[in-house]
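With the first letter of the sequence shown counted as 1, position 168 gets the number 237 in the numbering used here; the numbers rise by one all the way through. Cβ atoms here follow ideal geometry from the backbone N, Cα and C, with glycine treated the same way.
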Amino acid sequence: MKVLMFSADSSIPQSGSPAQRRMIEYGSLVEKLFIVVLSKKRVHGPILDISQNVKVYSSWFWSAWRMGKMFKNEGISLVTAQDPFEIGLIGYLAVRRLKAKLQLQIHTDFLSPYFIDSFKNRIRMWLAKRLLPKADSIRVVSERIKRSLIGLGLPEEKIMVLPISYDEEKIKSEPVTIDLHKKYQQFNFIILMASRLEREKNIEMAIDAMVDMVKSNQMVGLIIAGDGSLKEELQKRVSKNNLENNVIFEGWVKDLSSYYKTADVLWNTSNYEGYGRATRMANVSGTSVVTTDVGLAGDVLNNNDCFVIAVGDKQLLVDSTLKLMADKPLREEFAKRAQQSALSLVMTKEEYLQKYKQSWEMALL
């Protein structure tokens with residue numbers, strides 16, 4: 070089998086990056102894997118041979134639809150696209166040229182009512198609803214998304230649930246190199262958020278919740294690890310609420326393992342989520358969680374091992390966290406149960422790669 074992949078992950082061409090290592094592993098499953106990395110900039114990078122049978126191409130996003138012609142003589146049997154939106158459209162156009170099968174991947178819960186928070190996302194939803202019925206197979210990252218697609222009328226046998234692979238055992242066993250309580254000794258209770266600073270993550274609600282948290286405990290701190298387009302706006306919100314001493318923007322942190330392990334609670338306030346990497350990593354690390362009802366919530370996580378709150382419910386976010394703050398045994402019990410649940414779902418690398426290959430082969434049946 071020869072596979073053509075379209076992706077927007079700019080780290081794939083970077084030598085030694087986790088994404089590039091994953092692509093090399095995926096390439097080991099097939100005869101050849103061609104990867105086109107799409108960019109919004111009008112640039113074309115050199116062709117990279119990242120392994121014996123994996124080639125990486127870079128293309129300006131809006132000229133990539135013509136790339137199907139480049140691969141016409143390669144004997145491509147499957148085209149896989151990272152999303153069912155713009156990249157999915159490029160994949161579909163390539164399939165028409167190559168007479169190949171199409172797999173669409175879904176990493177975000179685009180059927181959530183909160184997804185259509187912009188004109189661009191409304192267009193994306195419209196496009197996805199038209200492209201998905203044309204796909205020969207669909208790979209999703211959570212049961213939540215699968216249920217949404219079935220509700221849309223797509224056949225269950227075309228859908229495979231396969232989350233993103235993480236080395237959970239390694240994360241669990243890694244030693245603590247940064248202790249948040251030692252780094253921020255002014256706090257006696259530390260809340261962690263590991264998140265892009267974008268609208269769908271609803272960091273605004275977390276900052277507003279901190280106003281009430283600080284009223285109960287002036288030594289509570291919120292550490293936000295991440296960056297994004299809303300950073301300046303969120304910093305102004307912190308200043309407006311006089312929270313400069315309690316909310317810290319860390320920026321991007323390369324290795325968050327120690328952060329998860331030394332925080333008291335992880336907050337996830339997203340309006341919608343495909344999977345929820347931060348939540349998963351907190352579970353594996355043994356940290357209690359308060360999360361909105363998105364991503365893994367309801368499938369892997371429930372109210373037996375964390376607090377699941379309604380999207381946008383600031384008061385329940387505060388109340389749930391105050392319960393965990395006041396009840397350390399409950400906090401530890403939640404963390405223990407969630408960790409056991411997360412680790413019970415771990416696949417070996419070989420098992421994961423085999424399932425990944427099956428997700429491609431589904432399209433050929």
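Asp118 classed as buried or exposed, judged by whether at least 16 other C-beta atoms fall within 10 angstroms | Of the residues assessed, Asp118 falls on the exposed side of the cut-off, its CB having fewer than 16 other CB atoms within 10 angstroms.
CB contact flag (Leu180, Phe140, <8 Å) | For Leu180 and Phe140, no; Cβs fall outside 8 Å.
Identified DSSP bridge partners for Ala294 | Paired residue(s): Ala263 and Gly320.
Assuming Pro87 and Ser127 form a contact by the criterion Cβ under 8 Å, report the distance between their Cβ atoms to the nearest whole angstrom.
-> With a beta-carbon spacing of about 19 Å, Pro87 and Ser127 fall beyond the 8 Å limit used to define contacts.
Starting from the Cα of Ala133, find the closest Cα among Lys170, Met74 and Lys124 and give me that residue.
-> It is Met74 whose Cα lies nearest to the Cα of Ala133.
Output the boundary residues of the beta strand (DSSP E) element that contains Ser329.
-> Residue 329 is actually Tyr in this sequence, not Ser. Careful: Tyr329 lies outside any beta strand (DSSP E), inside the alpha helix (DSSP H) at Ser326 to Thr331.
Starting from Lys71, follow its DSSP beta bridges and name the residues at the other end.
-> Under DSSP, the beta-bridge partners assigned to Lys71 are Lys101.
What number of angstroms, rounded off, separates the C-alpha of Met416 from the C-alpha of Ile219?
-> Taking the straight line joining both Cα atoms gives about 25 Å.
Assign Leu393 to one of two classes, buried (16 or more other C-beta atoms within 10 Å of its C-beta) or exposed (fewer than that).
-> When all chains shown are included, Leu393 counts as buried.
N- and C-terminal bounds of the beta strand (DSSP E) containing Gln174 | Looking at the DSSP string, the run of the beta strand (DSSP E) that includes Gln174 is Lys170 to Ile175.
7 Å CB neighbourhood of Ile443 in its chain, flanking five on each side removed | No answer is possible for residue 443: it lies beyond the span of the chain, which begins at 70 and ends at 434.
Should Asp236 be labelled buried (16 or more other beta-carbon atoms within 10 Å of its own) or exposed?
-> Under the 10 Å beta carbon count, Asp236 is surrounded by fewer than 16 other beta carbons and is classified as exposed.
Quick one: what's Asp118 bridged to in DSSP?
-> Note: Asp118 sits in a beta bridge opposite Lys124.
Buried or exposed: which applies to Met92, given that a residue is buried once 16 or more other Cβ atoms fall within 10 Å of its Cβ?
-> Within 10 angstroms of the beta-carbon of Met92 lie 16 or more other beta-carbons, which makes it buried.
Give every residue of the same chain whose Cβ lies closer than 8 Å to the Cβ of Gln408, excluding the five residues on either side of it in the sequence, and list them in chain order.
-> Only residues of its own chain outside the window of five on either side were considered, and among them Lys241, Asn352, Val353, Ser354 and Gly355 have a CB closer than 8 Å to the CB of Gln408, listed in chain order.
Near Leu171, what residues of its chain come up, given a Cβ to Cβ distance below 7 Å and the 5 sequence neighbours on each side ignored?
-> Annotation for Leu171: Val148, Gly160, Tyr161, Val164, Lys203, Ala204, Asp205 and Ala432 place their beta carbon closer than 7 Å to its own, counting only its chain and skipping 5 residues before and after.
Please name the residue in Ala77, Gly85 and Ala169 whose C-alpha comes closest to that of Lys71.
-> Residue Ala169 is the option with its Cα nearest to Lys71.
Inspect the CB distances between the region 301-317 and the region 225-236 and report whether three or more fall short of 8 Å.
-> At 8 Å Cβ cutoff, the stretches do not touch.
DSSP three-state assignment for Met139, whether helix, strand or coil | If DSSP states are grouped into helix, strand and coil, Met139 belongs with coil.
Pick from Ser264, Ser308, Leu325 and Ser285 that is closest to Trp344, judged by C-alpha positions | In the sequence under discussion, the amino acid at residue 344 is Tyr, which differs from the Trp named in the question. The residue with the shortest Cα to Cα distance from Tyr344 is Ser264.
Quick one: what's got a C-beta closer than 6 Å to Tyr421's C-beta in the same chain, skipping five residues either side?
-> For Tyr421, same chain residues with a beta-carbon under 6 Å away, outside a window of 5 residues either side, are Ser234 in chain order.
Are the region 334-342 and the region 258-275 in contact at 8 Å, needing three or more beta carbon pairs?
-> Yes, the region 334-342 touches the region 258-275.
Buried or exposed: Met288, going by 16 or more other Cβ atoms within 10 Å of its Cβ?
-> That one is exposed.
Where Leu180 sits in the DSSP three-state scheme = Judged by DSSP in its simplified three-state form, Leu180 adopts coil rather than helix or strand.
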